[in-house]
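Peer 1: Every position in the sequence shown, counted from 1, becomes a number in the numbering used here once 1 is added.
Think of the CB as a built atom: it goes at the ideal place given N, C-alpha and C, for glycine as much as any other residue.
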Amino acid sequence: MPAKLTLRVHALRRMFTRGITAAEVRNVIEQGETIARYPQDTPYPSRLLLGAVGGRALHVVIADNADDGEVIVVTTYEPDPSLWQPDFRRRRK
Numbered sequence: 002m003p004a005k006l007t008l009r010v011h012a013l014r015r016m017f018t019r020g021i022t023a024a025e026v027r028n029v030i031e032q033g034e035t036i037a038r039y040p041q042d043t044p045y046p047s048r049l050l051l052g053a054v055g056g057r058a059l060h061v062v063i064a065d066n067a068d069d070g071e072v073i074v075v076t077t078y079e080p081d082p083s084l085w086q087p088d089f090r091r092r093r094k
């Protein structure tokens, strides 16, 4: 687990409306798989993580502030099966 975990207001709102708990987000960060990297994002590079919690797939977008040992949760959601491949690792074309 990172030294510091920050949940952005946007992420908190999405978690509330989507019924995703902080524990579920932490689980994805600790146990999930990085399925995309966005090194050019600012102010920090970000990643899309995939994890399974309670039988459902979750995506968590985080930004890594390596200088401060901080992981910033940008947003989280259940991937829509109509938009993602069955493994939820790639978008449908």
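If you measure between the beta carbons of arginine 38 and tyrosine 78, is that distance less than 8 Å?
Peer 2: Residue 38 sits at position 37 when you count from the first residue of the sequence shown. Residue 78 sits at position 77 when you count from the first residue of the sequence shown. Result no, Cβ atoms of arginine 38 and tyrosine 78 do not sit closer than 8 Å.
Peer 1: Short of 6 Å in beta carbon distance, which residues of its chain neighbour leucine 8, apart from the five on each side in sequence? Order them along the chain.
Peer 2: Residue mapping note: residue 8 aligns to position 7 of the sequence shown, counting from 1. These residues qualify, in order along the chain: Val74.
Peer 1: Buried or exposed for histidine 60, please, with buried defined as at least 16 other CB atoms from any protein chain shown within 10 angstroms of its CB.
Peer 2: Counted from its first residue, the sequence shown places residue 60 at position 59. Burial call: buried.
Peer 1: Given a threshold of 16 other Cβ atoms within 10 Å of its Cβ, counted over all protein chains shown, does arginine 93 qualify as buried or as exposed?
Peer 2: Here residue 93 refers to the residue found at position 92 when the sequence shown is read from its first residue. When all chains shown are included, arginine 93 counts as exposed.
Peer 1: Considering only the beta carbon of each residue, do leucine 51 and glutamate 34 sit closer than 8 Å?
Peer 2: Taking the sequence shown and counting its residues from 1, one reaches residue 51 at position 50. Taking the sequence shown and counting its residues from 1, one reaches residue 34 at position 33. In this structure, glutamate 34 lies closer than 8 Å to leucine 51 by Cβ.
Peer 1: Leaving out five residues before and five after threonine 76 in sequence, what residues of the same chain have Cβ atoms less than 7 Å from its Cβ?
Peer 2: To locate residue 76, count along the sequence shown from 1; it is residue 75. So the list reads His11, Ala12, Arg15 and Val62, once near-sequence residues are dropped.
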